[in-house]
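Asks: Sharing a structure below in structure tokens format, with a few things to ask.
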Ligand SMILES: [Mn+2]
């Protein structure tokens, strides 16, 4: 192969790599979907921003080395997703406007039902795609879009690996019941995962700093949910705990096989200013890297998603670098001596 990893990247494939979804170990599925976004729109263009910025990422990584040699590739966008999203978004905006008293207050008949049906259609589509990738021996990565998009992927992963754990990094718990009436809302994904998908062993939620009272109640009553909130972690650091010791507590809550669900707003908003619902606080870049490295050294990452990346260049840049670490650590986590 004549590929020179230090040469400027070819813009057609993710990170400029010479792989296709057929021969790559990690296969990414772009999901340009923002139908249930409740605040700032634009995450539909997250996958495009990440793909464009990915050419800037140097391939030799100081943490994951040359894991890229196993192959990372992205599938072409499926045109149907954009069509479903645009259809769902029109109805969703009308429903939201009626609730907030803005606009005309006229909601098209069956608007809510149509949004929910399109969400279910997206879930089925992602479930099938990710199941197919597992069958082909690939490690799947879903690239959103809003945080509703990985539901079908997590369902496929839990079916294949019963007892699956989830490491969820986010400013929000996403444990709401049908937020704004939308069953498949970005703010409800982990409520849906925990109540609708059999075989979920544990969900560790890290970086939370904007949660509802009912979410806190649900988390307290659900023994599979472990919270590592931003205020708790900041307090522990202020008292002299090390970040590594906190990270080890997080890893301890997780079973051997895990899915990582990463909402970019779990990071400090300086790293994701264009995300849908930014909140002050959050993980620094360095903390995020140490967390990922420690998880990958001790657990097997069967797949992952990265969501809520904004459409602008800086958002895409950080998103691409986080995506690169996710791909590399996912591969590395299968190369541990004791990995199953
Ligand atoms: Mn989220």
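Numbering (this note's numbering), first residue to last: 182 to 521.
Backbone N, C-alpha and C define an ideal beta-carbon position, used for all residues, glycine too.
Nothing here was measured: the structure is a model prediction, and the numbers come from that model.
#1: Report whether the distance from the Cβ of residue 351 to the nearest heavy atom of ligand 1 is below 7 Å.
#2: For residue 492, count the other beta carbons within 10 Å of its own beta carbon; 16 or more makes it buried, fewer makes it exposed. Which is it?
#3: Between residue 347 and residue 183, what straight-line distance do the alpha-carbon atoms span, to the nearest angstrom?
#4: How should residue 415 be labelled, buried or exposed, when 16 other C-beta atoms within 10 angstroms of its C-beta is the threshold for buried?
#5: Whole angstroms is fine: what's the gap from residue 406's alpha carbon to residue 349's?
#6: Rank 271, 337, 452 and 408 by C-alpha distance to the C-alpha of residue 485 and give the top, closest one.
#7: Regarding residue 305 and ligand 1, is the C-beta to nearest heavy atom distance less than 7 Å?
#8: Just grab the DSSP bridge partners of residue 442 for me.
#9: Give the C-beta separation of residue 223 and residue 500 to the nearest angstrom, bearing in mind that I take them to be a contact with Cβ-Cβ under 8 Å.
#10: DSSP three-state label for residue 434, please.
#11: Taking the Cβ atom as the reference point for each residue, do residue 311 and residue 339 lie within a distance shorter than 8 Å?
#12: Who are residue 386's beta bridge partners in DSSP?
#13: Using CA coordinates, which residue listed in 220, 295 and 398 is at the minimum distance from residue 327?
#14: So residue 228 is in the beta strand (DSSP E); what residue range does that whole segment cover?
#15: Tell me whether residue 489 counts as near ligand 1, meaning its Cβ is closer than 7 Å to at least one heavy atom of that ligand.
#16: Do residue 511 and residue 320 come within 8 Å of each other at the CB atom, strictly closer than that value?
#17: What residues in its chain sit with their C-beta under 6 Å from that of residue 506, if we drop five residues either side in the sequence?
#18: Roughly how many angstroms separate the alpha carbons of residue 497 and residue 324, rounded to a whole number?
#19: Give every residue of the same chain whose Cβ lies closer than 7 Å to the Cβ of residue 380, excluding the five residues on either side of it in the sequence, and list them in chain order.
#20: Among the candidates 462, 288, 452 and 478, whose CA atom is the shortest distance from the CA of residue 410?
#21: Since residue 254 sits in a beta bridge, which residues does DSSP pair it with?
#22: Could you tell me whether the region 250-261 touches the region 277-297, using the rule of 3 or more Cβ pairs below 8 Å?
#23: Would residue 514 pass as a contact of residue 331 if the rule is Cβ separation under 8 Å?
#24: Pick from 469, 316, 495 and 187: whose alpha carbon is nearest that of residue 244?
#25: Quick check on residue 224: does DSSP put it in helix, strand or coil?
#26: Residue range of the alpha helix (DSSP H) that residue 274 falls in?
#27: Using only the alpha-carbon positions, how far apart do residue 217 and residue 518 sit?
#28: Throw me the rounded Cβ distance for the residue 198 and residue 254 pair, which I believe falls under 8 Å.
#29: Hey, how far is the Cα of residue 276 from the Cα of residue 456?
#30: Check whether the Cβ of residue 444 lies closer than 7 Å to any heavy atom of ligand 1, and answer yes or no.
#31: May I ask whether a heavy atom of ligand 1 can be found less than 7 Å away from the beta carbon of residue 391?
#32: With DSSP run on the structure shown, which of helix, strand or coil describes residue 323?
#33: With a threshold of 7 Å, establish whether the CB of residue 355 neighbours any heavy atom of ligand 1.
#34: Assuming residue 152 contacts residue 436 under a Cβ cut-off of 8 Å, what Cβ separation, rounded to an integer in Å, is found between them?
#35: Tell me the DSSP secondary structure of residue 464 in three-state form.
Replies: Short version:
#1: Counting from 1 along the chain shown, the entry for residue 351 is found at position 170. Indeed, a heavy atom of ligand 1 lies less than 7 Å from the Cβ.
#2: For the purposes of this step, residue 492 is taken as the residue at position 311 of the chain shown. The residue in question, residue 492, is buried, as its Cβ has 16 or more Cβ neighbours within 10 Å.
#3: If you number the chain shown from 1, residue 347 lands on position 166. If you number the chain shown from 1, residue 183 lands on position 2. Between residue 347 and residue 183, the C-alpha separation is close to 39 Å.
#4: Here residue 415 corresponds to residue number 234 of the chain shown, with the count starting at 1. Residue 415 comes out exposed.
#5: As a first step, residue 406 must be located in the chain shown, where it is residue number 225. As a first step, residue 349 must be located in the chain shown, where it is residue number 168. The straight-line gap from Cα to Cα measures roughly 10 Å.
#6: Walking along the chain shown from the start, residue 485 turns up at place 304. The candidate whose alpha carbon is nearest that of residue 485 is 337.
#7: Residue numbering aside, residue 305 sits at position 124 when the chain shown is read from its first letter. No - ligand 1 has no heavy atom lying nearer than 7 Å to the Cβ of residue 305.
#8: Residue 442 sits at position 261 when you count from the first residue of the chain shown. Paired residues: 349 and 486.
#9: Start at 1 with the first residue of the chain shown, and residue 223 comes out as number 42. Start at 1 with the first residue of the chain shown, and residue 500 comes out as number 319. 12 Å between Cβ atoms; not a contact.
#10: Position 253 of the chain shown, counting from 1, holds the residue named residue 434. In this structure, residue 434 counts as coil in the three-state DSSP scheme.
#11: For the purposes of this step, residue 311 is identified with residue 130 of the chain shown, where counting begins at 1. For the purposes of this step, residue 339 is identified with residue 158 of the chain shown, where counting begins at 1. Going by C-beta atoms, residue 311 is not nearer than 8 Å to residue 339.
#12: As a working mapping, residue 386 is identified with position 205 in the chain shown. Its beta-bridge partners are 349 and 408.
#13: Counting from 1 along the chain shown, the entry for residue 327 is found at position 146. Nearest option by C-alpha distance: 220.
#14: For this step, residue 228 is matched to residue 47 along the chain shown. Counting along the chain, residue 228 falls outside any beta strand (DSSP E), though it belongs to the alpha helix (DSSP H) covering 227-234.
#15: The count along the chain shown starts at 1 and reaches residue 489 at position 308. Yes - ligand 1 has a heavy atom lying nearer than 7 Å to the Cβ of residue 489.
#16: As a first step, residue 320 is located in the chain shown; it is residue number 139 there, counting from the start. As a first step, residue 511 is located in the chain shown; it is residue number 330 there, counting from the start. Cβ distance < 8 Å, so residue 320 and residue 511 count as in contact.
#17: Here residue 506 corresponds to residue number 325 of the chain shown, with the count starting at 1. 473, listed in sequence order.
#18: Looking up residue 497 in the chain shown gives position 316. Looking up residue 324 in the chain shown gives position 143. Each residue's Cα considered, the two are about 12 Å apart.
#19: Translated into positions along the chain shown, residue 380 becomes position 199. Only 339, 340, 343, 344 and 345 meet the Cβ criterion.
#20: As a position in the chain shown, residue 410 is number 229, starting the count at 1. Selected option, being the one with the closest Cα: 462.
#21: The residue labelled residue 254 in the question sits at position 73 within the chain shown. Answer is 208, bridged to residue 254.
#22: no
#23: As a first step, residue 514 is located in the chain shown; it is residue number 333 there, counting from the start. As a first step, residue 331 is located in the chain shown; it is residue number 150 there, counting from the start. No; because the gap between Cβ atoms is not below 8 Å, this pair is not in contact.
#24: On the chain shown, residue 244 is found 63 positions in, with the first residue counted as 1. The option with the nearest alpha carbon to residue 244 is 469.
#25: Translated into positions along the chain shown, residue 224 becomes position 43. In this structure, residue 224 counts as helix in the three-state DSSP scheme.
#26: For the purposes of this step, residue 274 is taken as residue 93 along the chain shown, with counting starting at 1. 260-281 is the span of the alpha helix (DSSP H), which, as asked, contains residue 274.
#27: Position 36 of the chain shown, counting from 1, holds the residue named residue 217. Position 337 of the chain shown, counting from 1, holds the residue named residue 518. Using only the alpha carbons, I get a separation of about 42 Å.
#28: As a first step, residue 198 must be located in the chain shown, where it is residue number 17. As a first step, residue 254 must be located in the chain shown, where it is residue number 73. Indeed they touch by this definition, with Cβ atoms about 7 Å apart.
#29: Residue numbering aside, residue 276 sits at position 95 when the chain shown is read from its first letter. Residue numbering aside, residue 456 sits at position 275 when the chain shown is read from its first letter. Roughly 22 Å between the two C-alpha positions.
#30: Walking along the chain shown from the start, residue 444 turns up at place 263. Yes; taking the cut-off as 7 Å, the Cβ of residue 444 has a heavy atom of ligand 1 nearer than that.
#31: Start at 1 with the first residue of the chain shown, and residue 391 comes out as number 210. The answer is no for residue 391.
#32: Taking the first residue of the chain shown as 1, we reach residue 323 at position 142. Three-state result, residue 323: strand.
#33: Here residue 355 is taken as the residue at index 174 of the chain shown, counted from 1. Within the cutoff, so yes.
#34: Shown here, the chain extends from 182 to 521; a query on residue 152 therefore has no answer.
#35: One-based indexing of the chain shown puts residue 464 at position 283. Three-state DSSP puts residue 464 in a strand.
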